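One structure is given here, and the rest of the page talks about it.
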Amino acid sequence: MEEDALCDWIDHLSLEGAPVDKETISEMVQFMTGSDSPPNRKWVYRFLARHPDIHLGRPSGLAPERARAFNRTNVEDYFKQLKNIIDEYGIPWSHVYNMDEKGMQRGGKGKIKRIKYFVPRHRRVNYKLRSSNLELITIIECICADGSSIQPGFIFAGKEFSRDIFRDIDPRVCIALSRTGWTAEYLCLEWFKRCFIPQVNARRVSDAPILLILDSHNSHVTPEMRQAAIENNIHLFLLPPHTTHHLQPLDVGVFAALEHAWQVHCNKFFKTSKGEDMDRGEFIRQYLTVRDTVFNADLICKAWRTAGITTGEFSANAFSEVDYAPSRAFSKLAHVPPTYPTRNPLFPENRQSYSTPSSPSSPIASPCSARPNESQLLGDSPSEVLENDSLESDSDTTPDMCPDLEHPSNFREGHSSPPTSPQSSPSELSAMRCCPSNKPAVNESCSLLNERKRLLNRTRTLQRLRSLSAGHSASTATPADNSDSHRCPRPCKHCHTRLSHLQKQVSDLEDEIMDLYAHYWHAEAHAKLAELYIGDLRKQINYISEKRQRRRRPLRTTALCLTAGEGLAMSQQQEAEEAAKLQQRAAEQARREHMEAQRQQERIRIASDADHCFSGSLARKVKDDLKDIAFALGLSLGGTNAELVNAIVQFLRTHPEYSEKPKFAGLYIAANGLSRFHPVHHAVTVPTRSRHLKRDLPSEIVDENTPPSTPKRPRIADSSTTASPLARWHTTSPPVRPIAVRSICVARHRFMYPENYTPLIKLEISYGVDHVFPPPYRRVHLSGIVGAAPRGLRQIEDKISPFAKETLAKLIKFMEEDVYPAARVAHAQLPTDPATRWKTVIPVLVDLKAKAKQLGLWNLFLSKAHYPQWGVPLTNLEYACMAEILGRWGQIASEAVNCSAPDTGNMEVLARYGSPEQQKKWLVPLLNGEIRSAFSMTERFVASSDATNIRTSIRQEGNEIVINGHKWYISGAGDPRCALHLVLGKSDPNNADKYQQQSIVIVPANHPGVKVIRPMQVFGYDDAPEGHCEVIYENVRVPVENLVYGWGKGFEIIQGRLGPGRIHHCMRSVGAAQYALDLLLQRVTDPAKKTFGKYLYEHGTVIADIAKSRAEIESARLLVLSAALQIDKAKAKGALKEIGIAKFVVPSMACQVIDRAIQSYGAEGVSQDTPLAAMYAGLRTLRIADGPDAVHIQQIGQRELKRAQAVTNRHAEIKKREKVLADKHGVKAHL
């Protein structure tokens, strides 16, 4: 019986496309028997001899896509659609065609097969001469459902036609060339127009449409072909993908016969031509000869019937279950053989339900579903309850606790089957008792299960015995027979009769017991094989789960008509999407070409700029920088980074004279594998710790890879101004001798001055005293950027675009030459009289704005990546670097380039959330700098740091919005150019979601009901003319069109507004801190400010203050740049953590640095003679504006607390691993 089950599984798996080979059957047998070793080879052949219906064969290959696609559902849908289109348009069979391509080799098949030849038995090797020409030619065939066909088309590989190819060829035959000899979209379209349409139109029998059935190859599904079909009243019907092996008539019954006939014909032609290859023209003529022989009406009609099309049924029943069987391998249900047992057929209550075999598609039943209950085991009647004394047992052996005999997991190894001795009698079976065991708990459990199985077998046997005995007594016994009073001294005839009857009962029961054993063995074999099969399914599920993240293209599995109904709409939609993608690719290509052209112009400028020097390791440079160097050297710009580096190194190695040129001398370093050439007159002035490891640089070059030496504490012996390094900067004449490197302070911060360098301008930073401080010089790789560039640019240089570098250079130049000198002038042009102070537009600021527009330094904060219509091609990271430059000179610098608050945030709101009408009316003037704006949110009588506390009322009355509220500290409201307020208020106070109660409305500044009560001061500064004002909105009525984005969107808008704005504020704060540190350095190194004969930096902790300030500025800068980079990657919502950290860290840092500078200046630091007091007032306010520090700290803390459980779990896992490792090595870990 086990082998019968094995045969059933072999048949089942072979049907599903997973046939069993010798190795697999050995594994199955080994798993069934539980043996340690598989059966030997002889067993396999003995098995085949015992089962002649199974033999070793070579199955045909079937792709998994074909097996999955050809299922009953898809086929039923295909026939349904085909019938609908034929019936709807009344298409006769003479108008139904099938088209497909076939590849034929010019010399026949490459391998000799199918045809057998007579050869001598004694010769081991025999040969057959054949053509070696394996050129593949694609032939397009088309047949009709009425048994006819149209002339074919031929596609050869090549570029030119030969004259002989068209000789004696029917003009209706199409001949084409392609590069590979395969079909293509344009070739299929040409065949359709020039071959198919003329021939089928000539064969029309009515005005009914033509139906062309074809597969879903890419060359068939083209918009041009579909359009040509529609114009000629032809319907294109696509077969379900991967089903042509059953549904396409040409593949089913035509091409196989054609291929065989062609092979036979090629053998004959080879013999006739004596091995000479046929040319292309001869190939066409010979093929048409064979085709005329094969393509007869009977063969073609049979192919259409085999494909199930012309049978008239249009049903999936045209194919058998054997055809659909391979698709079961991809079903969601596990399939088992039809003989897989679910209930015992030998039980009376199960015989009727078991009489019909299970369907092959039945899933594996749950073990519990096939488990007999107590009534099934003991009978339905109370009278059938067993009363035999031999069944004494405790509660553990009750029938409902017995294991399911049909489930393989309930059989213990070593006891996997009941007693196999055929001589076991019922009495021997009834004598089996459950006895206690002294084995361990696991063995006791397994032994108890085994005993329960035996008890169940014994119970069933006694049931049969009683039923048979009762039936015999009722049919044969007399009343005297039922009496137990029959006694005789010796056996009589009656005793012999009864004994004979009892012996027959025993024999019947033994046969039935053997049947039960056989069924048990059969069921156990099935269960074992099912367990093995389920194990394979589990592996497949695990594999699919691991690969679930892989993106897969959507696969169409159904038939489709491209020229009508849903298929036509789908095709048009796909064509529109493809056109959009092509347009997008074209735009992207144009953008890349434009950027490359700009980059090329930049390369030309860099190559011609004598002040631009290349230096550093080539291996660390990005590709654009390598191309710049290659272009300057006249090398090719193509290739990978490694190829460019090799080309540059080889060129510089073969041209050592370039080491004398300052432009390329910095590339002659050990990191590039290049030696330096030192003229005798060059002196090395840069000290280095490892002089024996690194070659010296020329005096004018500073090697950025050389670690700085640790200077001793400098002392300035001469107190005269001419002896001081700073005094040399103050002179108008160039220095007497070059200054290469000179330390002016300690604690790691050094200023490095280039030779013959003079300050760009004389900076006037206070109202009474002129301070001259030279900008620090550093070697940076940004063209045109001098010492005023942010120090963090080197770390992010590879993320800065050429456009941003050029813009930054122009911005620095504009600030130094125009904006910085205008600071005192702007202050002087602002009246002190309150009557005119708040009505004045500073003239010099108007001139600065005009020049900034002319230079293209305008609206730099608005990134084109986020605002394509309005923005400039700068990222938030790139603008952050520029914001630091703007922050060094306060509000005037930002306003000069139209990047001052609150206009920046308001413009972002209107650009992102505003309607087209709002953008046209308000955003465009703001972008042009014609008007200013204010953001009205803060209220005095509530805690405005929580926007949900806002009390200002916003309600709709008809087509108007009515606003009532009292706002406080509204920045920008005092500016005479302020034209609008963005007012935040509550529009739906009863909304359950407190974050959807607020809305934002645009209110014209001069609108009735808008009252500016007073300007407010910050530490005594009024910040005129913009100011910070107290504003009342009293019954202000504006049209509904002034609502921004929608009702209840206020909170979302302010979150989107404050994200980038906070980064702008923070980066300007870094610039202010940097400027404060510059002032601090000037003060502590000023010879005129010596105390007790020493410079200030030589006293106390001034050096420590300088070092701390530098470290804090550098760390804060990187923190803000990181947040800006995260905004570019994930927008403001994805950078909330980084923005929050920067917001509460940077202003505090700037306040500390400014406080140290104030301390060094003494009383002058808190007076109007330095900008430090005003800077401190503004930055101290920033710790409150845009959300106070406490709010950001609380939010960051809450975010970190969410990680607590994960951190705890991770450490617990580490502790477990630590304990396991400690136990393994026999040590005790103390933590």
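In full-length UniProt numbering, the protein residues as written are 1 to 1231.
Ideal placement from N, C-alpha and C gives every residue a C-beta, glycine not left out.
Predicted, not measured: the structure shown is a model, and the values here were computed from it.
As assigned by DSSP and simplified to three states, the class of residue 1313: Residue 1313 falls outside the range modelled here, since the chain spans only 1 to 1231, and no answer is possible.
Rounded straight-line distance, which links the Cα of residue 661 to that of residue 635: Residue 635 sits at position 635 when you count from the first residue of the sequence shown. Residue 661 sits at position 661 when you count from the first residue of the sequence shown. Computed Cα separation, rounded: 17 Å.
Assigned secondary structure, residue 870 (DSSP; H/G/I helix, E/B strand, else coil): Position 870 of the sequence shown, counted from the start, is the residue given in the question as residue 870. Coil at residue 870, not helix or strand.
Candidates 213, 141, 243: closest to residue 195 by CA position: Here the question's residue 195 lines up with position 195 in the sequence shown. Residue 195 has its Cα closest to that of 141, out of 213, 141, 243.
Cβ neighbour criterion (16 or more within 10 Å) applied to residue 833: Along the sequence shown, one-based indexing puts residue 833 at 833. Exposed, by the Cβ-count rule.
Residue 160 to residue 591 span [Cα, whole Å]: In the sequence shown, counting from the first residue as 1, residue 160 sits at position 160. In the sequence shown, counting from the first residue as 1, residue 591 sits at position 591. Answer to the nearest angstrom: the Cα atoms are 39 Å apart.
With 16 other Cβ atoms within 10 Å as the buried cut-off, status of residue 324: Locating residue 324 in the sequence shown gives position 324, where the first residue counts as 1. Buried, because 16 or more other Cβ atoms sit within 10 Å of the Cβ of residue 324.
Strand pairing of residue 1011, partner residues [DSSP]: Taking the sequence shown and counting its residues from 1, the one referred to as residue 1011 is at position 1011. Beta-bridge pairing links residue 1011 to 1032.
Range covered by the alpha helix (DSSP H) that runs through residue 89: The residue you call residue 89 lines up with position 89 of the sequence shown. First-last of the alpha helix (DSSP H) with residue 89: 72–89.
Backbone CA spacing between residue 876 and residue 622 [nearest angstrom]: Along the sequence shown, read from residue 1 onward, the residue named residue 876 stands at position 876. Along the sequence shown, read from residue 1 onward, the residue named residue 622 stands at position 622. The straight-line gap from Cα to Cα measures roughly 21 Å.
Beta-carbon spacing of residue 949, residue 926 below 8 Å: Taking the first residue of the sequence shown as position 1, residue 949 is located at position 949. Taking the first residue of the sequence shown as position 1, residue 926 is located at position 926. No, Cβ-Cβ distance for residue 949 and residue 926 is not below 8 Å.
Exposure of residue 1013, with buried meaning 16 or more beta-carbon neighbours within 10 Å: Numbered from its first residue, the sequence shown carries residue 1013 at position 1013. When all chains shown are included, residue 1013 counts as exposed.
Cβ pair residue 954, residue 961 closer than 8 Å: Here residue 954 corresponds to residue number 954 of the sequence shown, with the count starting at 1. Here residue 961 corresponds to residue number 961 of the sequence shown, with the count starting at 1. It is a contact, given that the beta carbons lie within the stated cut-off.
Burial state of residue 328 (16 or more Cβ within 10 Å): Numbered from 1 along the sequence shown, position 328 holds the residue referred to as residue 328. It is buried - the Cβ of residue 328 has at least 16 other Cβ atoms within 10 Å.
Euclidean distance between Cα positions of residue 1167 and residue 1147: As a position in the sequence shown, residue 1167 is number 1167, starting the count at 1. As a position in the sequence shown, residue 1147 is number 1147, starting the count at 1. Using only the alpha carbons, I get a separation of about 21 Å.
Distance between residue 334 and residue 47 (C-alpha atoms, nearest Å): In the sequence shown, the residue the question calls residue 47 occupies position 47. In the sequence shown, the residue the question calls residue 334 occupies position 334. So the two alpha carbons sit approximately 27 Å from each other.
Secondary structure of residue 244, DSSP reduced to three states: Locating residue 244 in the sequence shown gives position 244, counting from the first residue. Per DSSP, reduced to three states, the secondary structure at residue 244 is helical.
Residue span of the beta strand (DSSP E) that contains residue 150, given as start and end: By one-based count along the sequence shown, residue 150 stands at place 150. Annotation for residue 150: no beta strand (DSSP E) segment contains it, and DSSP assigns it neither H nor E.
Residue 1184 - DSSP class collapsed to helix/strand/coil: Against the sequence shown, residue 1184 aligns to sequence position 1184. Coil at residue 1184, not helix or strand.
Residues that residue 981 bridges to, as DSSP identifies them: Within the sequence shown, the letter at position 981 stands for residue 981. DSSP, once it has assigned bridges, lists 934, 1003 as partnering residue 981.
C-beta neighbour in chain B for residue 658, strict 8 Å: In the structure shown, chain B cannot be found, because there is only a single protein chain.
C-alpha gap between residue 733 and residue 1087, whole angstroms: The count along the sequence shown starts at 1 and reaches residue 733 at position 733. The count along the sequence shown starts at 1 and reaches residue 1087 at position 1087. The pLDDT assigned to residue 733 is 36, lower than 50, so where the model puts this residue is not dependable; a value taken from the coordinates is nonetheless given after this. Using only the alpha carbons, I get a separation of about 21 Å.
Nearest to residue 620 (by Cα), restricted to the options 584, 672, 639: Numbered from its first residue, the sequence shown carries residue 620 at position 620. Nearest option by C-alpha distance: 672.
Reduced DSSP secondary structure (H/G/I, E/B, other) of residue 1283: This structure leaves residue 1283 out entirely; the chain is present only between 1 and 1231.
Between the CA atoms of residue 172 and residue 564 - distance to the nearest angstrom: Taking the sequence shown and counting its residues from 1, the one referred to as residue 564 is at position 564. Taking the sequence shown and counting its residues from 1, the one referred to as residue 172 is at position 172. For residue 564 and residue 172, the distance between alpha carbons rounds to 29 Å.
Rounded straight-line distance, which links the Cα of residue 1161 to that of residue 1036: One-based indexing of the sequence shown puts residue 1036 at position 1036. One-based indexing of the sequence shown puts residue 1161 at position 1161. Distance between the alpha carbons of residue 1036 and residue 1161 is about 50 Å.
Residue 202 - containing alpha helix (DSSP H), residue span: As a position in the sequence shown, residue 202 is number 202, starting the count at 1. Run containing residue 202: 197–202, per the alpha helix (DSSP H) assignment.
Sequence-distant residues of the same chain with beta carbon closer than 6 Å to residue 81, five excluded per side: For the purposes of this step, residue 81 is taken as residue 81 along the sequence shown, with counting starting at 1. So the list reads 559, once near-sequence residues are dropped.
Euclidean distance between Cα positions of residue 153 and residue 191: Within the sequence shown, residue 153 is the residue found at index 153, counting from 1. Within the sequence shown, residue 191 is the residue found at index 191, counting from 1. CA-to-CA, the gap between residue 153 and residue 191 works out to about 7 Å.
Exposure label - residue 267; buried when at least 16 CB within 10 Å: On the sequence shown, position 267 is the one that residue 267 refers to. The residue in question, residue 267, is buried, as its Cβ has 16 or more Cβ neighbours within 10 Å.
Three-way DSSP call (helix, strand, coil) for residue 516 in this model: The residue you call residue 516 lines up with position 516 of the sequence shown. DSSP places residue 516 in helix when its eight states are reduced to three.
Distance, residue 40 Cα to residue 256 Cα: Position 256 of the sequence shown, counted from the start, is the residue given in the question as residue 256. Position 40 of the sequence shown, counted from the start, is the residue given in the question as residue 40. When rounded, the distance between both Cα atoms is 41 Å.
Cross-strand partners of residue 138 (DSSP beta bridge): To locate residue 138, count along the sequence shown from 1; it is residue 138. According to DSSP, which records beta bridges pairwise, residue 138 is partnered with 103, 155.
Chain-order list of residues whose beta-carbon lies under 6 Å from that of residue 873 (same chain, five-residue window excluded): Numbered from its first residue, the sequence shown carries residue 873 at position 873. Cβ neighbours of residue 873 beyond the five flanking positions: 803, 864.
Status (buried if at least 16 other CB within 10 Å, exposed otherwise) for residue 601: Stepping through the sequence shown from its first residue, residue 601 is reached at position 601. So residue 601 counts as exposed.
Contact between the stretch 121–131 and the stretch 244–262 (3+ Cβ pairs under 8 Å): no
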